[in-house]
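Asker:
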Amino acid sequence: MSAILETLTAEKLSGSREVDLSRPLTIAVAGNPNAGKTSLFNSLTGLRQKVANYPGVTVESKTGFWTLTDELPPAHLIDLPGLYSLDATSIDEQIARDILVGRSQLVKPDAIVVVVDATNLVRNLYLATQLIEIGLPLVVALTMFDLAERGQLKIDVDKLSSALGVPVVPFVAKQGRGARELAQAVLTAVAQHDFGLDAGSESVDQANPQRRANTIRRYSLIEQIVNDTVQAQDDEGRSVSERIDVVVTHRFAGPLILLLVMILVFQAIFSWANLPMNLIAHVFGALGNAVRANLPEGILTSLLADGIIAGVGGVLVFLPQIFLLFLFISVLEDSGYMARAAFLMDRVMRSFGLHGKAFMPLLSSFACAVPGIMATRTIENPKDRLATIMIAPFMSCSARLPVYTLMIAAIFSGQKVVGFLSVGVVIILGMYALGIAVAVIVSWILKHTILKGPATPFMMELPPYRLPSVANVGHAIFQRVGLFVKRAGTVILAISILLWALAAFPRATTNSSSENLTSEQAAARTGEQVRNSYAGRVGHFIEPAIAPLGFDWRIGIGLIASFAARETIISTLSIVYNVGADSSAKSTSLIDAIRSAKRPDGSLVWTPLVALSLMIFFVLACQCMSTVAIVRRETNSWRWPLFMVGYMLVLAYVASLITYQGGRLLGFT
Amino acid sequence: MTLDTIPRNTNARVVSVEASEAHGLRLMEMGLVPGASVRVVRSAPLGDPIQVRIRNYHLALRRVEAQAITVALCAE
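Residue numbers (this note's numbering), protein chains in the order written: chain A, 5 to 673; chain B, 1254 to 1329.
1. Would A/Ala549 be called buried (16 or more neighbouring beta carbons within 10 Å of its own) or exposed?
2. Using a cut-off of 8 Å between C-beta atoms, extract the partners of A/Val126 located in chain B.
3. Could you pull the start and end residues of the alpha helix (DSSP H) that B/Glu1318 belongs to?
4. Only counting the same chain, and skipping five residues up and downstream in sequence, which positions put a Cβ closer than 6 Å to that of A/Ile82?
5. List the whole-angstrom C-beta distance separating A/Thr30 from A/Val111, where the pair is believed to meet the contact cut-off of C-beta under 8 Å.
6. With 7 Å as the C-beta to C-beta threshold (strictly closer), list the residues of the stretch 437-462 of chain A near chain B in chain order.
7. I'd like the span of the beta strand (DSSP E) that includes A/Leu142, first residue to last.
8. Out of A/Leu455, A/Pro461, A/Ser243 and A/Gly357, which one is the CA nearest neighbour of B/Ile1303?
9. Quick one: Cα of A/Arg351 to Cα of A/Ala507, how far?
10. Note down the Cα distance separating A/Ala391 from A/Pro37, rounded to an integer number of angstroms.
11. Please report the distance separating the alpha-carbon of A/Thr147 from that of A/Gln179.
12. For the alpha helix (DSSP H) that contains A/Thr460, what are its first and last residues?
13. If distances are taken between C-alpha atoms only, which option among A/Gly258, A/Phe567 and A/Phe509 comes closest to A/Cys628?
14. Do the stretch 290-304 of chain A and the stretch 460-479 of chain A touch if we need at least three Cβ pairs shorter than 8 Å?
15. Please specify which runs of the alpha helix (DSSP H), each continuous and at least 4 residues long, are wholly inside the stretch 53-125 of chain A, giving them in chain order.
16. For A/Leu348 versus B/Ala1297, is the C-beta distance shorter than 8 Å?
17. Using a 10 Å radius around the Cβ and a threshold of 16 neighbouring Cβ atoms, would you call B/Cys1327 buried or exposed?
18. Can you tell me where the beta strand (DSSP E) with B/Arg1266 in it begins and where it stops?
19. Taking Cβ-Cβ distances shorter than 9 Å, what residues in chain A pair up with B/Glu1271?
20. Using the DSSP secondary-structure output, state which residues sit across from A/Cys628 in a beta bridge.
21. Quick one: Cα of A/Ser26 to Cα of A/Pro77, how far?
22. Report the three-state DSSP secondary structure of B/Thr1323 (helix, strand or coil).
23. Along chain A, which residues have their Cβ under 9 Å away from the Cβ of B/Asp1257?
24. For a test of the three-state rule: what should DSSP assign to B/Tyr1310, helix, strand or coil?
25. Does the stretch 646-663 of chain A touch the stretch 1280-1294 of chain B, meaning 3 or more C-beta pairs lie closer than 8 Å?
26. Closest to A/Ile116 by CA distance: which of A/Ser617, A/Ile432, A/Leu191 and A/Gly311 is it?
27. Kindly list, in the order they appear in chain B, the residues whose Cβ is closer than 7 Å to that of A/Arg470.
28. According to DSSP, A/Lys158 sits in a beta bridge with which residue or residues?
29. Using a Cβ-Cβ distance under 8 Å, would A/Arg216 count as near chain B?
30. Can you check whether the CB of A/Trp610 is closer than 8 Å to the CB of A/Ile620?
31. For the beta strand (DSSP E) that A/Ala34 lies in, which residues bound it at each end?
32. Find the residues of chain B that neighbour A/Met464, judging by a C-beta separation of less than 9 Å, and give them in chain order.
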């Protein structure tokens, strides 16, 4: 490696360039989507990566450190969003384009590594040749090289390199082949570059006919180059991918396979995740108890145990589901199946005014709307994307399940419908169906009113099937889970503390220390505290408004708390009913309390109709500060998240009202 | 004939791409330039979108978008 450095210093002395190698280089990695860019980036940076947001927009920026040689400081490597051409369409592509042509104020690359898929040379070279014309030091990383060799594509790398005028380095991420050669090539390119030359790129602001002519010209040049440098076995037979596709996109088998995949994902999220989730809930419950038992009683202990620990636990309990969800999404994306799912579902989605690419984000929202909404970035049309974001919360997320579970266990348990189906299953399925139905209707309305616009092109590449790489999937999960914990976590924690404060103040006067109280007395005291607190007062205040829905002031307190995070209604109800703060949806004492709760006139509070009304309210209302925070981030304004909370609240209220009053009219109680 | 009307699994060549369509340029940049060989592999279960093979890769596009591309069937 020092031989390189000597050459570089020699070049420096000859005065042909201006780059100061003692400071880290900034290198942009560009390329088509599905060309192996992420694999290359992961391979070169290892775990030294950071994901952030480009300021002002919702595109993620991925940067990392790449050690070029041991003597030089590591280079800043930037993984740009994939793009097909400098004539960018989506926001993702515009960001990449601006950085590459030097328009971005934030990032000015010193060099470009363009990833070219060896199995798809012609189209990949389209972007590569555009990038070469920009004039920055550039190296082509020829990825999928092993696949090309196996597919009997003989590429004369040296000939290709001289035809393009830039170094071409074969790269196989899985085997780490090519990393050192790539580093050498980049350093040489930077050292030998004549920065005086101001090549510039063909203007991206040209008129349409000019661009079309250029496109044709460029492709014919590329065809010539490829013909000269590549020898292909004439491959008219079907590749493995194509044979798989015969089944996967088959008229009948295709949707069936998709259904099976969906069932598998759901099964994992809703049942396999249960064990770890219960474990985490237990741990945090025990931690809270330990704190309360061992620290002196007082405000701070309560803040720690009931505010902070409860709050953090409330976020972390979702980790198993989020982990599994991202695991499946990553594997499906990496393997190429995701594109087929969008292909199969596009026609159906379109009739609801949505884009085929909305399918996966909406499916993800069944676990949690936060990553689902994050996933809508792949939808290029802003209006399509907004419509998808607006309806994502209707996909009954996993936080609603504890509420359904509690209601069913308390009010509907044991009953059977049609002989073998338990009422519980029917109700849960009904809630899901309601959410989907409302989502479809709202989407249709939005797309025909405020989000009306021309249908954007579907145009989506169906990449060849590839075995997902463990490294890539691992990286993706790690990063996304981390982001979730940070984004959702901070919001839920803040709200938990706020709610704790609302319920803890004003302090009820205490006559004796709590060490002498039995657990029932302690629970009663906590209940008293909550009832007289600010939260309790608000509950009483809104009671007239929610009475037509069948709710009383205690449920009111729970409703208010739940607007921060749905699942908090369970712990809030536990406190309000004097059952104690560490109850869960399955707690028998909470269920008993619910069954015996009475109104001032002696009638039961919780009738089946009330329970149904509450569940329907939860299906339709947006009760999640994390979702609001994410929508704010993804839409760059407060308009849309506030609109979302507002219209969903109206919908929830009206639906609950119809359910309760309608049910009473029909004679149910 | 246009790309959305040719029969399945038949080789064809692109003749021209509709100038007035905004996405016409995009399709060309994806490789659908005059002279490129193209083949409709299949359509989705409900008839739309269609899966098209261009050179070495597969592209899915809606029939209405494929209308912008005029093709000629190959002799073989």
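Built from N, CA and C at the ideal position, the CB exists for glycine as well.
Answerer: In terms of the structure at hand:
1. exposed
2. Gly1284, Arg1308 and Asn1309
3. Arg1316 to Ala1319
4. Ala32 and Thr67
5. Going by Cβ atoms, the distance from A/Thr30 to A/Val111 rounds to 7 Å, so yes, they are a contact pair.
6. Pro461 and Phe462
7. Taken as a continuous stretch (DSSP letters only), the beta strand (DSSP E) holding A/Leu142 covers Leu142 to Thr147.
8. Checked all of A/Leu455, A/Pro461, A/Ser243 and A/Gly357; the closest Cα to B/Ile1303 is A/Pro461.
9. 50 Å
10. Approximately 25 Å between the Cα atoms of the pair.
11. 12 Å
12. For A/Thr460, there is no enclosing alpha helix (DSSP H), since its DSSP letter is neither H nor E.
13. A/Phe567
14. no
15. 95-104
16. Yes, the Cβ-Cβ distance between A/Leu348 and B/Ala1297 is below 8 Å.
17. exposed
18. Per DSSP, the continuous beta strand (DSSP E) segment holding B/Arg1266 begins and ends at Asn1264 to Val1270.
19. Listed along chain A, no residue sits closer than 9 Å to B/Glu1271 by beta-carbon distance, the nearest being about 11 Å off.
20. A/Ala569
21. Roughly 7 Å between the two C-alpha positions.
22. strand
23. In chain order: nothing, as chain A lies at least about 12 Å away.
24. strand
25. Short answer: they don't touch.
26. A/Leu191
27. Within chain B, no residue comes near A/Arg470; the closest Cβ sits about 13 Å away, beyond 7 Å.
28. A/Gln235
29. By this cut-off, A/Arg216 is an interface position.
30. no
31. Here the beta strand (DSSP E) through A/Ala34 covers Thr30 to Gly35.
32. Pro1302, Leu1312, Ala1313 and Leu1314
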